[in-house]
Amino acid sequence: MSAEDVLLVYESLLAATQSMLTLAREGDWSALLESESRYVVDVESLARIEAEVVLDKRQQARKAELLESILYNDVQIRKYLVARRDELGEKMGVSQRKRDLNRAYRPAGAVVTRLDDI
């Protein structure tokens, strides 16, 4: 693989992070997880390939620009993921409190027959 091919892979990774950022903004968590799985595989294969390629100064500068953009997108994606994690944690806490209240105030010996009763 040539140095230009390596840069093309970095450009592809940048496009992938831009797409993943859009998915995060839209809250399409399933598609984001699928994209991130492919992204990780691509990054791992790039690491193996890149070890055998020498970049000149211009190519190194372009790689640095691409990496900066990739990392910026990654930080933005993580912000959305943290917000989603916090949202889910809050919902889980509310659900736990409801369940605890139902257990505390349910008559002794009552049998829950429907999931809605929990």
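Quick note on the working numbering: the sequence shown kicks off at 3 and runs consecutively.
We put the beta carbon where it would ideally sit given N, CA and C, even for glycine.
Everything numeric in this text was worked out from a predicted model, so none of it was measured.
- Straight across, the Cα-Cα distance linking Ser4 with Ser47 is about 15 Å.
- The DSSP-derived three-state label of Gly91 is helix.
- If only uninterrupted beta strand (DSSP E) runs of at least 3 residues are considered, none is enclosed by the segment 26-91.
- The segment 26-45 and the segment 54-69 do not touch, with fewer than 3 CB-CB distances between them shorter than 8 Å.
- The DSSP-derived three-state label of Ser21 is helix.
- Under the Cβ criterion (8 Å, minimum of three pairs), the segment 69-88 counts as touching the segment 8-18.
- Under the criterion of beta carbons closer than 8 Å, Leu35 and Ile79 do not qualify as touching, at roughly 11 Å.
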